[in-house]
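Residue numbering for the sequence shown follows the working numbering, beginning at 4 and increasing consecutively.
The structure appears below as structure tokens.
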Amino acid sequence: MDIHIQCLSIIVLLATFSPTILAQLGMWIGKDSYDMNKIFKLLSGVFLFLLALVFVVTPNDFNMLLPKENYWYGVAILAVPFTIFTEIALAYMVNFPNRKVKGLKINFMIKNASFKIVMFTVIIAISEEFIYRQLWFSILLNTFSFNIVTILLITSIVYALNHISLGKVIFIQKIFSGLIYGCLFYFSGYSVIIPVITHCLQNISIVSKD
4 MDIHIQCLSI
14 IVLLATFSPT
24 ILAQLGMWIG
34 KDSYDMNKIF
44 KLLSGVFLFL
54 LALVFVVTPN
64 DFNMLLPKEN
74 YWYGVAILAV
84 PFTIFTEIAL
94 AYMVNFPNRK
104 VKGLKINFMI
114 KNASFKIVMF
124 TVIIAISEEF
134 IYRQLWFSIL
144 LNTFSFNIVT
154 ILLITSIVYA
164 LNHISLGKVI
174 FIQKIFSGLI
184 YGCLFYFSGY
194 SVIIPVITHC
204 LQNISIVSKD
């Protein structure tokens, strides 16, 4: 692979490594409370800006494919409760000695979510899948020739790092949910539509639970 393409790919990976950092700064400014609408709005804006910028720079990494079989749409829906159950089970296992599931605190931060927050979480979910599945998979596989297991691990960990300010438990949860999204993407024939469906429905289920 041409060194110039590799350098450009590294820049793209660095630019999309942690888009949540700007929004998360709002959590660290010393306030006892903060406006979730503003945080989600800012985060959505950052993701959309990065997607637009990267699309201009490397449009070939955004070739969206349909799943190789139609039953993958059903798998995407069935994966929603499985992913939620996996995250809850992990929270209980990590916190079992204390018998307190701190990893679920994010649910209480966004209960009674407004329609705006629901829409922002959908935008964020779509953006995360395009970045960490569509874009990162394409670059790591086609530009750097990593094997699929390594790509699954890297993309899952980087995806989880974007949630690390929410706590250790959520970080661990997101590694496993990232692995689920990555497997859906890979086994469906590199169709980002499938993990997008699962991720969006999961986010909607969580923020709309009350």
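For every residue, glycine included, the Cβ atom is placed at its ideal position computed from N, Cα and C.
All figures in this text were calculated on a predicted structure; none of them were measured in a lab.
Work out the CA separation of residue j and residue i for me, nearest whole Å.
i      : j      : result
Pro70  : Val172 : 32 Å
Cys203 : Thr124 : 7 Å
Leu144 : Asn73  : 25 Å
Cys10  : Leu54  : 19 Å
Ser194 : Ile175 : 25 Å
Ala207 : Ile120 : In the sequence under discussion, the amino acid at residue 207 is Ile, which differs from the Ala named in the question. Their Cα atoms are separated by approximately 9 Å.
Ile200 : Ala163 : 19 Å
Phe147 : Val161 : 17 Å
Ile91  : Phe179 : 11 Å
Val97  : Ser130 : 29 Å
Leu46  : Leu169 : 15 Å
Ile87  : Gln205 : 7 Å
Ile196 : Leu17  : 24 Å
Ala82  : Leu187 : 9 Å
Asp35  : Ile167 : Bear in mind that a pLDDT of 48 at Asp35, under 50, signals an unreliable position, so the number given afterwards is only what the model happens to contain. Going by the C-alpha atoms only, they are around 19 Å apart.
Pro198 : Ile80  : 10 Å
Phe85  : Ala94  : 14 Å
Using only alpha-carbon positions, find the residue among the options that is nearest to residue i.
i      : options                         : result
Phe190 : Leu68, Leu164 and Pro84         : Leu68
Ile127 : Thr86, Asn40, Leu156 and Thr61  : Asn40
Ile165 : Ile8, Ile24 and His7            : Inspection of the sequence shows that residue 165 is occupied by Asn rather than by Ile. Measuring from the Cα of Asn165, the nearest candidate turns out to be Ile24.
Phe58  : Val121, Leu93 and Ile134        : Ile134
Ile8   : Val60, Met122, Ser211 and Leu56 : Val60
Ile151 : Leu169, Gly192 and Ser117       : Gly192
Arg136 : Thr89, Phe20 and Ser117         : Phe20
Leu56  : Pro84, Pro22, Ile80 and Leu81   : Pro22
Val210 : Gly48, Ala82, Phe43 and Ile14   : Phe43
Ile13  : Leu81, Gly48 and Ile142         : Ile142
Three-state secondary structure (DSSP) at residue i?
i      : result
Lys71  : coil
His166 : coil
Thr23  : coil
Ser47  : helix
Val57  : helix
Ser191 : coil
Asn40  : helix
Asn150 : coil
Ser117 : coil
Lys108 : With a pLDDT of 47 at Lys108, under the threshold of 50, the modelled position of that residue is not reliable, and no figure is offered here.
Asp64  : helix
Just mark residue i as buried or exposed, buried being the case when its beta carbon has 16 or more other beta carbons within 10 Å.
i      : result
Phe140 : buried
Pro62  : exposed
Asp5   : exposed
Do the segment 72-91 and the segment 144-160 make contact, defined as three or more Cβ pairs closer than 8 Å? no
Mind the definition here: the segment 181-188 touches the segment 57-68 only if three or more C-beta pairs lie below 8 Å; say whether that holds. no
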